[in-house]
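*Asks:* Counting from 1, position 138 in the sequence shown corresponds to residue 151 in my numbering; the numbering is continuous, with no gaps. Where is the CB? At the ideal position from N, CA and C, for every residue including glycine. Handing you this structure, nothing more for now.
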Amino acid sequence: MRIGILTYYRVPNFGANLQAISTYYCLKKLGHEIVFLNYASPRTRFIQRRVSGNRQFQAHFDFIDKYIPEQTKVLSNSSAVKKEIIRQRLNAIIIGSDAVTQHHPLFSTLKLSNLSLYWLMPLEPERRFPNAYWGYRFAGKIPTAMMSVSSQNSPYKSFSTITNYFMGRLLGKMRYISTRDEWTREMMLNANNSLQIEITPDPVFALNENAKDIIPTEEEIRSKFNLPEKYVLVGLRSQALTLEQMSELDRLLRRDNMSCVSFPVDIVKTYKHPFKYSIDEPISPLEWFGLLKYASAYVGSNMHPIVSCLTNGVPCYSLDNWGTTDFWGRKKESASSKVYDVLHQYGLEDNRSQIEQGKCQVKMEHIIDTLHAFPKDKVMMISRKRYEAYRKMIDDIINSLK
14 MRIGILTYYR VPNFGANLQA ISTYYCLKKL GHEIVFLNYA SPRTRFIQRR
64 VSGNRQFQAH FDFIDKYIPE QTKVLSNSSA VKKEIIRQRL NAIIIGSDAV
114 TQHHPLFSTL KLSNLSLYWL MPLEPERRFP NAYWGYRFAG KIPTAMMSVS
164 SQNSPYKSFS TITNYFMGRL LGKMRYISTR DEWTREMMLN ANNSLQIEIT
214 PDPVFALNEN AKDIIPTEEE IRSKFNLPEK YVLVGLRSQA LTLEQMSELD
264 RLLRRDNMSC VSFPVDIVKT YKHPFKYSID EPISPLEWFG LLKYASAYVG
314 SNMHPIVSCL TNGVPCYSLD NWGTTDFWGR KKESASSKVY DVLHQYGLED
364 NRSQIEQGKC QVKMEHIIDT LHAFPKDKVM MISRKRYEAY RKMIDDIINS
414 LK
């Protein structure tokens, strides 16, 4: 088949790039022709241009252009996506993976901090229903499947009746739907309770198998980055750990002959650190994955570092910045966090602490003890089962699209 992929992929985001590469190589090995639909609204492109001079930003684009040769021109809206599907003579569409099924009503992004009202996030069209990621304009006209999609903790319990109605109708046109977390599954069932929806793995869980020929070796990683023998990556989206906390973490790890290494999780490091070692940008997403794969442990933010660690049996501890918040900016429900969900699937809920008001409240001794207790054999067994579930998902998707 000639299959179009509709997901976040040409973006400055390590996890999104790796998901796209994993999907691309998997489907190519199965004999399909793959075209990535470059969907990005004018507002999204404007936001990206604000950091386009950053070298790490360009490294993401260079990476995608190197490994994904077949991409369309920029498609600004659902109508443009529909026209390109016809022009490309695609036989089917796969939407996802990643947080493509978001909806954030305007009122839900209004927060209060220090007695001042502010908008929590810009409302790009890709993050509000309906849009092309929901199959808007083309689902039902061409076979379409949703693969391990996520809603990025969208506040579905406050969706309007009319939103749920039209969301349910669009979802009903899909040949196949799977989500990567329970929160998104419940959101979709809330809109249409007749749907059959499985929870399936993120494609990065299959990266080792799908793209094994292009993942750097441990020797290549160590040679390029001049790493200590045992290193622990520390990656933060913000200053969730103080300099004193990081110094304490480094001191405790040195008792086990391990050294902390500052690690990028976004395109710009926005935190200070006291560590001797640091991974400096730009690095490729595959180098980023390799650094995690061969690490002694990871402590920090974001979901895809945790996924990369779990699939490789690397001890990890999440300083979790995800989850729904109330009007006051306080975390409401742990289950809405995508990090909580993936750790829960491994029985590792204790390998996580919720960041509140931008700060980590747990003691560094607790993080060290949790890393020491990491059940590697159990984790690797579950990861093997996750890969089997991934392969079944791919088979189910292809069969549904025929």
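Could you tell me the alpha carbon to alpha carbon distance between L240 and D269, rounded to whole angstroms?
*Replies:* Whole-angstrom Cα-Cα distance: 16 Å.
*Asks:* Kindly list the residues whose CB is nearer than 8 Å to the CB of V48, restricted to its own chain and excluding five residues on each side of it in sequence; keep chain order.
*Replies:* Here the set comprises R15, I16, G17, I18, E83, Q84, T85, Q101 and L103.
*Asks:* Leaving out the 5 sequence neighbours to the left and right, which residues in its chain are closer than 6 Å to E222 when beta-carbon positions are compared?
*Replies:* None.
*Asks:* Name the one or two DSSP bridge partners that G248 has.
*Replies:* G313.
*Asks:* Where do the N-terminal and C-terminal ends of the alpha helix (DSSP H) with I420 fall, by residue?
*Replies:* Nothing in the structure corresponds to residue 420, since the chain is present only between 14 and 415.
*Asks:* With 16 as the cutoff for other CB atoms within 10 Å, does F302 come out buried or exposed?
*Replies:* F302 comes out buried.
*Asks:* Using DSSP with H/G/I as helix, E/B as strand and the rest coil, what is R264?
*Replies:* R264 falls in the helix class under three-state DSSP.
*Asks:* Once the 5 residues before and after F59 are set aside, which same chain residues still bring their CB inside 7 Å of it?
*Replies:* Contacts found: none.
*Asks:* Examine the Cβ distances between the region 134 to 146 and the region 107 to 115 and report whether three or more of them are shorter than 8 Å.
*Replies:* At 8 Å Cβ cutoff, the stretches touch.
*Asks:* With burial defined as no fewer than 16 other Cβ atoms inside 10 Å of the residue's Cβ, what is the status of P55: buried or exposed?
*Replies:* It is exposed - the Cβ of P55 has fewer than 16 other Cβ atoms within 10 Å.
*Asks:* Between S191, N206 and I292, which has its C-alpha nearest N236's C-alpha?
*Replies:* The sequence given here has Ser at residue 236, not Asn. Of S191, N206 and I292, the residue nearest in Cα terms is I292.
*Asks:* For a test of the three-state rule: what should DSSP assign to G17, helix, strand or coil?
*Replies:* Note: G17 maps to strand in three-state DSSP.
*Asks:* List the endpoints of the continuous beta strand (DSSP E) containing D409.
*Replies:* Not the beta strand (DSSP E): D409 falls in the alpha helix (DSSP H), residues K389 to L414.
*Asks:* At the level of alpha carbons, what is the spacing between W341 and F172?
*Replies:* Bear in mind that a pLDDT of 41 at W341, under 50, signals an unreliable position, so the number given afterwards is only what the model happens to contain. Taking the straight line joining both Cα atoms gives about 19 Å.
*Asks:* Distance check for E137 and T57, CA to CA, integer angstroms please.
*Replies:* Approximately 6 Å, taken between the alpha carbons.
*Asks:* Assuming Y189 and D409 make a contact with CB atoms under 8 Å, what is their CB distance in whole Å?
*Replies:* Contact holds; Cβ gap of about 6 Å.
*Asks:* What's the call for Q32, buried or exposed, on a 16-neighbour Cβ count within 10 Å?
*Replies:* Buried: at least 16 other Cβ atoms inside 10 Å.
*Asks:* R250 and N334: beta carbons closer than 7 Å?
*Replies:* Taking 7 Å as the Cβ cut-off, R250 and N334 qualify as a contacting pair.
*Asks:* Compute the Euclidean distance between the alpha carbons of Y169 and A402, then round it to the nearest angstrom.
*Replies:* If I take the Cα positions, the gap works out to 27 Å.
*Asks:* First and last residue of the alpha helix (DSSP H) that includes C39?
*Replies:* Its alpha helix (DSSP H) spans residues F27 to K42.
*Asks:* L130 to Y400, Cα distance in whole Å?
*Replies:* In this prediction, L130 scores a pLDDT of 48, lower than 50, which makes its location untrustworthy; no coordinate-derived value is stated.
*Asks:* Between which two residues does the beta strand (DSSP E) holding V352 run?
*Replies:* Element bounds for V352: not the beta strand (DSSP E) but the alpha helix (DSSP H), K351 to Q358.
*Asks:* When burial is assigned at 16 or more other CB atoms within 10 Å of the CB, is H73 buried or exposed?
*Replies:* Classification of H73: buried, given that the 10 Å Cβ count is 16 or more.
*Asks:* Taking G371 and S314 to be in contact with their CB atoms under 8 Å, please state how far apart those CB atoms are, rounded to whole angstroms.
*Replies:* About 11 Å; that fails the 8 Å criterion.
*Asks:* Looking only at its chain, what residues have a beta carbon closer than 8 Å to the beta carbon of L119, apart from the 5 residues adjacent to it on each side?
*Replies:* Same-chain partners within the cutoff: L136.
*Asks:* Using the Cβ count rule (16 or more neighbours within 10 Å means buried), how would you classify D226?
*Replies:* D226 should be labelled exposed.
*Asks:* Just the Cα atoms here: how many angstroms apart are T36 and V94?
*Replies:* Computed Cα separation, rounded: 20 Å.
*Asks:* To the nearest angstrom, how far is it from the Cα of I381 to the Cα of K243?
*Replies:* Each residue's Cα considered, the two are about 15 Å apart.
*Asks:* Compare the C-alpha of S396 against each of C373, T255, Y359 and A310 and name the closest.
*Replies:* Ranking the options by Cα distance to S396, first place goes to Y359.
*Asks:* Quick one: Cα of K282 to Cα of G153, how far?
*Replies:* Taking the straight line joining both Cα atoms gives about 43 Å.
*Asks:* Which residues share a DSSP beta bridge with K372?
*Replies:* Its beta-bridge partners are E369.
*Asks:* Below 7 Å between beta carbons: does that hold for A204 and G181?
*Replies:* Contact: yes.
*Asks:* What's the gap between the Cα of Q209 and the Cα of L332?
*Replies:* Straight-line Cα distance between these residues: approximately 33 Å.
*Asks:* Between which two residues does the beta strand (DSSP E) harbouring F172 extend?
*Replies:* F172 -> no beta strand (DSSP E), and no H or E assigned at all.
*Asks:* State the Cα-Cα distance for the pair L183 and R150, rounded to the nearest angstrom.
*Replies:* The alpha-carbon atoms of L183 and R150 are separated by roughly 9 Å.
*Asks:* Give, in chain order, every unbroken run of the beta strand (DSSP E) that is at least 3 residues long and sits entirely within the region 44 to 113.
*Replies:* Runs of the beta strand (DSSP E) inside the region 44 to 113: 46 to 49 and 105 to 108.
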